[in-house]
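Here our numbering is used: the first residue of the sequence shown is 417, the next is one more, and so on.
Glycine residues also receive a C-beta, built at the ideal position from the N, C-alpha and C atoms.
Some notes on the structure that comes next.
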Amino acid sequence: MGNLCLSNETINVRLKRINLVKDVAQTKENIIGTTRTSISQQKKTIKQKSMILDSKPSSNRIESRYNRKIFEFINPNRFNLNRSSELLRTLMRLQSISDITDCFKLNYKIFEDQKRIKTSTQKDIVQQISFQPFTREKIEEIKQNPNRLPADTALILMPPFSEFDRIVPGVYQTSVTGIVSETMRENRIRLIINATYEMPLLKNPEFISIRVPIEDDPQEMILEYFDDVADLLEFVRLKGYCSVVHCMAGVSRSAALILAYLIKYTTFNLFEAFLHIKSIREPIRPNIGFLQQLNQYEMICKGQSSIEFETIEIENDRIKVLVPKFYRLHYPELYDVEIQRQIHYAKTKQSNQNSPS
């Protein structure tokens, strides 16, 4: 694990460069604005082709959009993993996907936690139930009045957060605003993994909804859910249907769960899986605690680690942050943003500890 030391001035210079790049990108967008319709049509055509390819979600071949390398799903009848797949074996005895609810009484963490009222970080889990997902008409109606919404909610109504992204055959990722009835029917979605504590759980006969009650906090033990979620996703895929994993923005919690699934049930390692998902869903950014747990999970499942971390000491603030080394080479903007994110997190934590109770 390497060590770097960055001054606040250096960090500020890097952030200014990021803002400059964004300004240039915005200028280019304004110049070529007249071609946006054709670009949008091209994206729509690509997505339609993907939907056709996904008509067979049990396909065993995956072409990485990052480097066109071919990966495969591991045959569940032959794989030799160090990690338990007991839940998958239990699920495969079911007659249909709808029978998953019969397993809720079984002794698996994900089923036991459907009754929880607080997260491990002591946040109240929303107990409200939603009986109907959004429709496209409703989403458009909400978009017409964005000023009535909190800024962060208005943001996730828009692409790329609201996109319904096919990560591999049978598994999709989106934000809470991407859970739209028409889109889910078109993509043969039967299972919804709700990786939030703060959003209602959807109860609808067309879909099975299961909550992973976690906060987007580095202290959360998301590792405890990796096996069960991976087994559920693989069961639905093997039955010829599709699943979607969502959190609030489709950035951290849902990405971590899908990365764990790829580690367990495909020939991707963690590094390759990250590059693959990021090439499809650009905003993904699992928090550093989740990445460390994914690194641990990869060691358990595959017996080796494909990513390394480096420690960075911030002068004057006496703060140390941990960043994946590959961010610096492949995603320099994400590298700087992650440093700022952890500095903010550390300062907030210190402030809370110093404030009178």
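- Selection Ile630, Lys619 and Ile526 evaluated against Ser668 yields Ile630 as nearest (Cα-Cα).
- The Cβ atoms of Ile605 and Cys519 lie no closer than 7 Å to each other.
- Residue pairing by DSSP places Leu750 opposite no residue, since no beta bridge is assigned to it.
- Residue ranges of uninterrupted alpha helix (DSSP H) with 4 or more members, entirely inside the segment 628 to 709 and ordered along the chain, are 639 to 654, 669 to 681 and 686 to 696.
- For Glu602, the enclosing alpha helix (DSSP H) has its first and last residue at Ser597 to Glu602.
- Checking the DSSP bridge columns, you'll see Lys736 partnered with Glu729.
- Assignment of Glu488 by DSSP, reduced to helix, strand and coil, places it in the strand class.
- For Leu607, no alpha helix (DSSP H) run applies; the uninterrupted beta strand (DSSP E) run containing it begins and ends at Ile605 to Asn610, by DSSP.
- Selection Val628, Ser512, Ile723 and Pro699 evaluated against Leu710 yields Ile723 as nearest (Cα-Cα).
- Ser625 carries a strand assignment under DSSP once its states are collapsed to helix, strand and coil.
- Annotation for Ile555: the continuous alpha helix (DSSP H) segment containing it runs Arg552 to Lys559.
- The beta carbons of Pro576 and Ser475 sit no closer together than 7 Å.
- Bounds of the beta strand (DSSP E) holding Asp581 are Asp581 to Val584.
- In the three-state DSSP reduction, Val542 falls in the coil class, being neither helix nor strand.
- The C-beta of Thr612 has 16 or more other C-beta atoms within 10 Å across all chains shown, which makes the residue buried.
- Closest option to Lys763, judged by alpha-carbon separation, among Gln538, Val739, Arg744 and Arg734: Arg734.
- It is roughly 8 Å from the alpha-carbon of Tyr681 to the alpha-carbon of Ala646.
- With respect to Tyr751, Tyr761 sits apart: the two C-beta atoms are not nearer than 7 Å.
- Remark: C-beta atoms of Ile558 and His662 do not approach each other more closely than 7 Å.
- Contact between the segment 631 to 646 and the segment 685 to 692 is absent: fewer than three C-beta pairs spanning the two stretches fall below 8 Å.
- Per the C-alpha coordinates, the member of Glu614, Asn491 and Ser514 positioned closest to Phe623 is Ser514.
- Counting along the chain, Glu528 sits inside the alpha helix (DSSP H) bounded by residues Lys525 to Glu528.
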